[in-house]
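Quick note, the sequence shown lines up with residues 1 to 893 if you use full-length UniProt numbering. Virtual Cβ for every residue (Gly too), placed ideally from N, Cα, C. Computed from a predicted structure; not experimentally measured. Step one of this worksheet: look at the structure below.
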Amino acid sequence: MALVGTALVGALVWCRPGPWACAVTPLVTFGLLAGSGRTRGQIWIATSTVGVLTSTVDYLVWRLSVTNWSAAWLAVPLLAAEMFGAAHALGLQATIWPKDAVPTRRIHDPSRLPIYLLIPTAGESMAVLEPTVIGALAARAEYLRRHPSARIHVIVCNDGRVAGSPDWQHVERAVTRLGVMCVTRSTAGGAKAGNIEHVRELVGATGDALVAILDADMVPTPDFLLATVAPFADPVVGWVQTAQYYRNTDLPMARWAADQQALFYEVLCPGKAARNSAFICGTNVVIRAAALDSIGGMPRDSVTEDFAASIRLAPDWRGVYLEGKFAEGLGPVDAASYLKQQNRWARGTFEVLRRHWKDLLRPGSGLSAAQRLQYGLACTHYISGVRDLVYLLSPVVFVVSGTPAVRGADATGFLQHFVPYFVCGQAAFWIAARGRSTWRGVVAGFISFPVLVTAALTVLTGSRSTFTITSKQRDGAASWRPLLPHLAALALCLTGLATLMIRGLSARGLIAGAWIAYMAAMLTAFCALAAWDARRAPAAHRQRGPERRRGEDGRRERRLGRVPVPLRVAGVAGCVLVVAPALAVGLRAEDSGARAAPFHAPACAREMRAGLAVTAGSYAGYSTLARELGMNRISAHSAEIGERFPVRWADQVRSAGGIPWLTLTFTRDGDGSLTSALPAVVNDVQDAGLRRWARAVAAWGHPLYLTVLPSVDRNYAASSAVANGGVPADSARAWAHIRTIFADHHADNVAWTWQPAAPADDAGVRPPADQIDVVAVTWIQYRGTRWVDPRAELTHVRLAHPGKPLLVTLAATGDPHTVGSWLGTAVNAARSARAIGLVYQTDGPDPHASGRTFAAWRTGAYLTARILRQDDSRRVGPVADHSRPAAECEVDS
1 MALVGTALVG ALVWCRPGPW ACAVTPLVTF GLLAGSGRTR GQIWIATSTV
51 GVLTSTVDYL VWRLSVTNWS AAWLAVPLLA AEMFGAAHAL GLQATIWPKD
101 AVPTRRIHDP SRLPIYLLIP TAGESMAVLE PTVIGALAAR AEYLRRHPSA
151 RIHVIVCNDG RVAGSPDWQH VERAVTRLGV MCVTRSTAGG AKAGNIEHVR
201 ELVGATGDAL VAILDADMVP TPDFLLATVA PFADPVVGWV QTAQYYRNTD
251 LPMARWAADQ QALFYEVLCP GKAARNSAFI CGTNVVIRAA ALDSIGGMPR
301 DSVTEDFAAS IRLAPDWRGV YLEGKFAEGL GPVDAASYLK QQNRWARGTF
351 EVLRRHWKDL LRPGSGLSAA QRLQYGLACT HYISGVRDLV YLLSPVVFVV
401 SGTPAVRGAD ATGFLQHFVP YFVCGQAAFW IAARGRSTWR GVVAGFISFP
451 VLVTAALTVL TGSRSTFTIT SKQRDGAASW RPLLPHLAAL ALCLTGLATL
501 MIRGLSARGL IAGAWIAYMA AMLTAFCALA AWDARRAPAA HRQRGPERRR
551 GEDGRRERRL GRVPVPLRVA GVAGCVLVVA PALAVGLRAE DSGARAAPFH
601 APACAREMRA GLAVTAGSYA GYSTLARELG MNRISAHSAE IGERFPVRWA
651 DQVRSAGGIP WLTLTFTRDG DGSLTSALPA VVNDVQDAGL RRWARAVAAW
701 GHPLYLTVLP SVDRNYAASS AVANGGVPAD SARAWAHIRT IFADHHADNV
751 AWTWQPAAPA DDAGVRPPAD QIDVVAVTWI QYRGTRWVDP RAELTHVRLA
801 HPGKPLLVTL AATGDPHTVG SWLGTAVNAA RSARAIGLVY QTDGPDPHAS
851 GRTFAAWRTG AYLTARILRQ DDSRRVGPVA DHSRPAAECE VDS
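Structure follows, in structure tokens:
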């Protein structure tokens with residue numbers, strides 16, 4: 001089966017068949033197994049497993065291809081978190097894949113072995129301990145009834161004295177009155193493992209003996225020993241483990257914790273045992289003393305001594321897992337005790353990983369491949385806390401900073417790859433969890449991330465950790481301190497959603513918003529649960545006595561197991577408050593298309609706007625000159641990607657009734673670099689700056705002509721399609737990429753203005769026509785150059801870009817008569833072509849030229865202004881020149 005799976009993965013990676021394989025392969029699997037004689041549950045699990053495998057490979061191959069490596073600080077942690085999640089999802093399916101456990105052999109009579117039933121306690125009250133002792137005595141009596149010659153010793157291992165409990169002597173006396181031996185330790189060390197090993201050594205529970213262990217709150221059923229001792233008839237069986245169930249599930253937190261661990265005990269443990277990878281869970285277990293002797297006893301260097309012992313025992317001994325309820329205990333009574341429990345388990349698991357990772361990888365450790373996989377999955381499970389933290393932070397960081405972890409991923413790719421992956425994963429999970437776990441378990445697992453991250457840091461830094469027990473009783477008023485990380489996380493989520501609402505939702509923003517809302521809903525549900533539990537906990541739960549076992553009254557148990565009405569109302573209200581505004585904004589964004597009003601440049605204009613280009617000096621100087629010349633209906637300005645949007649200039653232009661025309665370049669201090677080249681733009685190198693500009697333009701919100709990639713068809717341009725590593729095809733890709741970023745930020749107040757050096761001859765580099773809003777024509781004339789024929793040039797541009805609005809930029813210097821004549825022709829041609837704007841580049845093409853050179857170029861500005869003021873019909877050109885372009889313009893528009 002492993003070979004088949006490997007072959008399937010290889011084929012998927014090689015062929016990259018896409019999302020269709022996610023539907024076809026599960027159907028084929030279902031068809032092959034439908035008549036195989038397997039149970040319905042096995043068929044569904046196998047089918048869902050193939051779906052998860054196929055969709056995971058498809059998604060990860062796609063996901064790697066769209067990773068934004070230029071923002072590795074965000075992209076790499078998210079990619080690692082996703083790969084970790086995918087690995088454990090596949091690990092879950094590998095664990096539950098239908099496989100029958102090898103039956104145990106009946107070689108010896110285990111009833112002849114001495115049995116020591118140990119009940120370790122470290123400060124629990126007799127209200128907790130007494131039901132367990134009574135249950136142990138009942139289990140002993142039932143076993144003796146069936147096996148009268150058996151030797152069974154019930155011993156309470158009292159660590160209350162070394163734990164500093166004031167009631168340790170009372171516990172000792174009360175246990176003795178019940179007719180049970182009590183061993184009180186006076187020297188600390190080794191936590192629970194040290195307590196057990198102390199008693200083992202004292203009473204001689206070694207060699208051929210069996211050691212049963214029950215936590216202080218775990219009340220065994222009468223048939224506990226009958227069920228767990230029988231498998232020891234096989235001499236290779238080292239331990240027999242049973243599940244942990246809670247009998248106080250009328251407490252909300254205990255119910256949530258029970259749901260969370262039900263998947264482990266009822267789904268994963270049987271699968272692990274079938275692969276000879278069961279492990280000791282600390283309680284409700286019977287261990288062969290000889291097995292413990294072979295590894296030197298219970299490991300005392302971990303707070304999860306049971307798991308550490310399992311890895312060391314696995315090469316030589318077999319573990320057996322029994323399904324069914326053979327003991328019931330007390331679950332965490334509140335949020336604080338639940339989080340403390342999760343932290344302890346995580347610390348112990350991380351410590352085992354730190355000390356035994358070589359055993360999982362080293363060939364000579366004696367572990368089989370299946371055991372390495374299963375123990376490896378268990379050792380790394382609690383890294384899920386780091387994964388969930390990354391899942392929480394990544395979308396918020398994207399929303400706030402605008403930096404995406406993926407690039408080139410559109411809505412279609414998301415629907416084709418992520419959606420099948422998510423649907424297959426969720427379907428497989430709920431198929432496995434059906435009837436065992438609920439949404440409460442999912443929420444309980446997620447909200448553990450603060451304590452899991454803390455546990456990981458504790459182990460990584462080598463900080464000293466102490467053994468703590470999970471509270472079985474309420475000690476008084478609930479503390480909100482353990483919930484502070486969750487409240488902070490919820491505030492972070494709400495900040496992200498508020499940012500989305502303020503800036504407007506793009507397709508990417510809607511996806512991020514949905515994910516943030518999902519996590520905010522889980523955090524809200526948990527905080528509401530904790531708040532309700534703290535206020536409404538019955539006084540009867542403050543000092544708990546013996547509990548009625550789960551299931552004695554099915555109808556009543558189901559009613560108590562439901563989420564309380566106040567919690568349901570709070571959860572629904574939280575979801576509505578979190579999700580509804582985001583959806584409303586999304587719908588509003590879909591309806592309006594932008595936060596700023598869209599700007600659609602007219603195809604032609606009967607009144608041509610005229611203005612100046614800002615190339616050097618202060619904005620105020622140009623504003624004054626433009627006002628003096630009457631050329632303030634449009635103003636052009638160039639800016640570099642590292643600069644900020646010039647709001648002051650744009651506001652000045654707008655206040656004069658004009659429209660700004662901005663040219664954005666990827667240079668720095670006028671110089672290009674590798675990051676200015678088209679391949680860099682296409683591959684997201686400039687995305688951070690583009691997003692900042694897009695946000696600023698959208699926030700300004702008024703009409704704006706925007707040019708990027710100016711003169712892209714020339715080798716002197718910083719972002720050239722014919723030099724600096726660029727090729728003609730890169731021009732359209734870069735243009736589309738930039739437009740997508742602005743669209744994502746709803747900068748719809750932009751008219752995208754295409755300005756190559758030769759717009760009449762740009763077929764090899766131009767973007768598609770539907771991505772060009774305006775075409776700009778540039779004429780810079782001076783001595784020693786060929787002066788263009790404006791009429792012929794505009795005719796050719798019209799043919800190359802039919803129906804597109806035209807902007808004309810011009811400048812000239814030289815003989816005044818020549819300049820004046822040419823400018824008159826140029827203005828006349830622009831008017832005849834119904835250009836929407838004419839801009840004179842006041843200071844010429846070089847912003848660093850001398851003052852005298854500036855003065856020479858500015859002379860043309862005065863000439864242009866004078867020509868523009870002359871009467872259309874009598875001083876610019878014949879009226880007949882207007883007729884044909886005007887008609888063409890009307891047809892084009």
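For a test of the three-state rule: what should DSSP assign to Pro-805, helix, strand or coil?
coil
From the DSSP output, in three-state form, read off Arg-275 for me.
coil
Do Leu-78 and Ser-448 have their C-beta atoms closer together than 8 Å?
no
Determine the contact status of Arg-440 and Trp-256, defining contact as a CB-CB distance below 8 Å.
yes
Taking 8 Å as the cut-off, does the region 53 to 72 touch the region 364 to 381 (at least 3 CB pairs, one atom from each stretch)?
no
Helix, strand or coil for Tyr-375 per DSSP?
helix
Close Cβ partners of Ala-580 (< 7 Å) along its chain, the five nearest in sequence each way excluded
Residue placement at Ala-580 is poorly supported in this model, since its pLDDT is 42, which falls under 50; the coordinates still yield a value, given next. Correct list: empty, nothing qualifies.
What would DSSP say about Thr-745, mapped onto helix, strand or coil?
The amino acid at residue 745 is misidentified as Thr; the sequence shows His. His-745: coil per DSSP, three-state reduction.
Exposed or buried, what is Gly-657 when buried is set at 16 or more other beta-carbons lying within 10 Å of its beta-carbon?
exposed
Would Trp-754 and Ile-772 be called neighbours here (beta carbons separated by less than 8 Å)?
yes
Residues bridged to residue 905 [DSSP beta-bridge criterion]:
Here the chain covers residues 1 to 893 and nothing more, so residue 905 does not appear.
For Trp-735, does the count of other Cβ atoms within 10 angstroms reach 16, so buried, or fall short, so exposed?
buried
Please identify the residue among Asp-316, Ile-311 and Gly-366 whose C-alpha is closest to the C-alpha of His-356.
Ile-311
With 16 other CB atoms within 10 Å as the buried threshold, where does Trp-20 fall?
exposed
Quick one: is His-817 buried, meaning 16 or more other Cβ sit within 10 Å of its Cβ, or exposed?
exposed
Between which two residues does the alpha helix (DSSP H) harbouring His-124 extend?
Position check: residue 124 holds Glu in this sequence, whereas His was assumed. Careful: Glu-124 lies outside any alpha helix (DSSP H) and carries neither H nor E.
Where do the N-terminal and C-terminal ends of the alpha helix (DSSP H) with Leu-492 fall, by residue?
484 to 503
From Ser-821, Gly-364, Pro-103 and Ile-634, residue whose alpha carbon lies closest to that of Asn-276
Pro-103
Between the Cα of Arg-627 and the Cα atoms of Gly-611, Val-183, Gly-642 and Ser-638, which residue gives the shortest distance?
Gly-611
Over the uninterrupted alpha helix (DSSP H) stretch that includes Ala-243, give me the two end residues.
Per DSSP, Ala-243 belongs to no alpha helix (DSSP H) and is neither H nor E.
Do Pro-756 and Asp-762 count as a contact pair if the criterion is CB distance below 8 Å?
yes
Cβ-Cβ distance between Gln-244 and Tyr-321 below 8 Å
no
Less than 6 Å between C-beta atoms, sequence neighbours within five positions excluded: which residues of the same chain meet that for Val-708?
Leu-664 and Ile-738
Thinking just about the alpha-carbon of each residue, which of His-170, Phe-84, Ala-94 and Pro-679 is nearest to the one in Glu-124?
His-170
Looking at the strands, I want to know which residues DSSP matches up with Glu-640.
Thr-665
What did DSSP end up calling Tyr-265 once you bin it into helix, strand or coil?
helix
Given this structure, state the Cα-to-Cα distance separating Gly-31 from Gly-37, to the nearest angstrom.
12 Å
Within 8 Å, strictly: CB atoms of Gly-51 and Ala-507:
no
Anyone know if the C-beta pair for Tyr-705 and Leu-678 falls short of 8 Å?
no
Considering only C-alpha positions, which residue in the set Thr-778, Trp-857 and Leu-313 is nearest to Phe-279?
Leu-313
Under the three-state DSSP convention, the category Glu-607 falls into:
coil
Can you tell me whether Gln-261 is buried or exposed, with buried defined as 16 or more other CB within 10 angstroms of its CB?
buried
Consult DSSP for Met-83 and reduce its assignment to one of helix, strand or coil.
helix
Between the C-alpha atoms of Arg-549 and Gly-331, what's the straight-line distance to the nearest angstrom?
Residue placement at Arg-549 is flagged as unreliable, the pLDDT there being 36, under the threshold of 50; a coordinate-derived value is accordingly withheld.
Can you grab the Cα-Cα spacing for the pair Leu-74 / His-198, in whole Å?
50 Å
Pairs of beta-carbons, one from the region 203 to 223 and one from the region 102 to 121, closer than 8 Å: are there three or more?
yes
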